[in-house]
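One structure is given here, and the rest of the page talks about it.
There are 2 protein chains.
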Amino acid sequence: MTASGSSSSCGACKFLRRKCTNECVFTPYFCYSQGAHHFAAVHKVFGASNVSKLLMKLPLQNRSEAAISISYEALARMEDPIYGCIAQILALEQQVTILQEEIEQLTSYMAYDPIGLLNYESFQEIGDLNAGLPSSFQFNNTSISDHLNQPLLFAAPHASFF
Amino acid sequence: MTASGSSSSCGACKFLRRKCTNECVFTPYFCYSQGAHHFAAVHKVFGASNVSKLLMKLPLQNRSEAAISISYEALARMEDPIYGCIAQILALEQQVTILQEEIEQLTSYMAYDPIGLLNYESFQEIGDLNAGLPSSFQFNNTSISDHLNQPLLFAAPHASFF
Chain U
371 MTASGSSSSC GACKFLRRKC TNECVFTPYF CYSQGAHHFA AVHKVFGASN VSKLLMKLPL
431 QNRSEAAISI SYEALARMED PIYGCIAQIL ALEQQVTILQ EEIEQLTSYM AYDPIGLLNY
491 ESFQEIGDLN AGLPSSFQFN NTSISDHLNQ PLLFAAPHAS FF
Chain A
371 MTASGSSSSC GACKFLRRKC TNECVFTPYF CYSQGAHHFA AVHKVFGASN VSKLLMKLPL
431 QNRSEAAISI SYEALARMED PIYGCIAQIL ALEQQVTILQ EEIEQLTSYM AYDPIGLLNY
491 ESFQEIGDLN AGLPSSFQFN NTSISDHLNQ PLLFAAPHAS FF
């Protein structure tokens, strides 16, 4: 019997080919149709033991979100062994930059042509005001190395969860 | 002697308290002042063995970027054991949504008031055109569960790197 009361094992125990007990830390988070498949990725990327330790250190109410975020990272790393989910962060950062430039351009247009004499398409053709806008969404323009010094990750003291 | 020719060990070998040899897969990627500190996070989150296997499966020219992205993920998970770097993806996605809504609002304003009779601040006060704009940047409004079905990560066959 699993912790959930069913006679079948959770996805983690199915993958690890072991008996699922009431003490299984993975049961609540890998009991779904793709559970074993997702856990396979989690085990390959993080290791079942590391993930078990991480979950056990967290309050019960946070474990579900943690299991999902870990599964997400693991599957991203399986799909893209070089960048994993960092590829998505870089792409989103570039998208934010492009959108911010678009807003800046729109507000410049509104300030430049407050009474609407010029249409926006004509305004966009004005070279000097348009110089900062990237011509395309180029992932490779961003260096992943830049991210290692981001204050978001390195300013605060590291949490101890192991 | 390390692979880099210096007499000191690389950050990984310093952390693992082992002799650094020419065959050490980590030397080129953890030989910097914070190398041992970053490797400690990598080892705790992913396990040295898993990361070694991942790097060995990659072409040499991709290993540096992979080591950086793995360090980044590991440090993010140490800082935020529940969400890790997924927190950044969720925050960036919300920022993109807000910026897209801002652009939509600016273009609506330009269409609504083509000859500039109304200033933008007054336009923003018009409730029905402004209804979709979120009042604040609320991280918890996005459910991480939604991401598990994203085509980006799950549509393509998984790469085999172990």
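Chains as they are written, first to last, in the working numbering: chain U, 371 to 532; chain A, 371 to 532. Glycine residues also receive a C-beta, built at the ideal position from the N, C-alpha and C atoms.
Sort the options by Cα distance to residue i and report the nearest one.
i, options, result
"tyrosine 453 (chain A)", "U:Val415, U:His413, U:Ser439 and U:Gly405", "U:Ser439"
"glutamate 443 (chain U)", "U:Gln431, U:Pro398, U:Leu430 and U:Val415", "U:Val415"
"serine 441 (chain A)", "A:Ile473, A:His413 and A:Tyr479", "A:His413"
"cysteine 394 (chain U)", "U:Ser419, U:Ala461 and U:Ala410", "U:Ser419"
"serine 403 (chain U)", "U:Phe385, U:Lys389, U:Leu460 and U:Ile459", "U:Phe385"
"glutamine 458 (chain A)", "A:Ile468, A:Ala446, A:Thr467 and A:Leu469", "A:Ala446"
"valine 421 (chain U)", "U:Cys401, U:Phe396, U:Thr467 and U:Gly405", "U:Phe396"
"isoleucine 456 (chain A)", "U:Leu428, U:Ala436, U:Gln465 and U:His408", "U:Ala436"
"arginine 387 (chain U)", "U:Glu463, U:Gln465, U:Ala406 and U:Lys423", "U:Ala406"
"aspartate 450 (chain U)", "A:Leu424, A:Val466 and A:Tyr479", "A:Leu424"
Under a CB-based cut-off of 7 Å, is residue i close to chain A?
i, result
"valine 421 (chain U)", "no"
"glutamine 508 (chain U)", "Bear in mind that the predicted position of glutamine 508 (chain U) carries a pLDDT of just 31, short of 50, making it too unreliable to give a figure here."
Would you say the beta carbon of residue i comes nearer than 6 Å to a heavy atom of the ligand ATP?
i, result
"phenylalanine 385 (chain U)", "No copy of the ligand ATP appears in this structure; indeed no ligand is present at all."
At the 7 Å Cβ level, is residue i part of the contact set with chain U, yes or no?
i, result
"glycine 417 (chain A)", "yes"
"glycine 462 (chain A)", "In the sequence as displayed, the identity of residue 462 (chain A) is leucine instead of glycine. Closer than 7 Å to some Cβ of chain U, the Cβ of leucine 462 (chain A) qualifies, so yes."
Buried or exposed: which applies to residue i, given that a residue is buried once 16 or more other Cβ atoms fall within 10 Å of its Cβ?
i, result
"alanine 481 (chain U)", "exposed"
"methionine 448 (chain U)", "buried"
"serine 506 (chain U)", "Summary for serine 506 (chain U): the model assigns pLDDT 35, below 50, so the residue's position carries little reliability; its value from the coordinates is reported in the next sentence. Counting Cβ neighbours within 10 Å, serine 506 (chain U) comes out exposed, since fewer than 16 surround it."
"leucine 430 (chain A)", "exposed"
"arginine 433 (chain A)", "buried"
"serine 379 (chain A)", "buried"
Under 9 Å, CB to CB, which of the residues in the segment 427–455 of chain A have a partner in chain U? Lys427, Leu428, Asn432, Arg433, Ser434, Glu435, Ala436, Ile438, Ser439, Ile440, Ser441, Tyr442, Glu443, Leu445, Ala446, Arg447, Met448, Glu449, Asp450, Pro451, Ile452, Tyr453, Gly454 and Cys455
Cβ-based contacts, 8 Å cut-off: residues of the segment 464–477 of chain A near chain U: Gln465, Val466, Leu469, Gln470, Glu472, Ile473, Leu476 and Thr477
Which residues of the segment 374–396 of chain U have a Cβ closer than 7 Å to any Cβ of chain A? Give them in chain order. none
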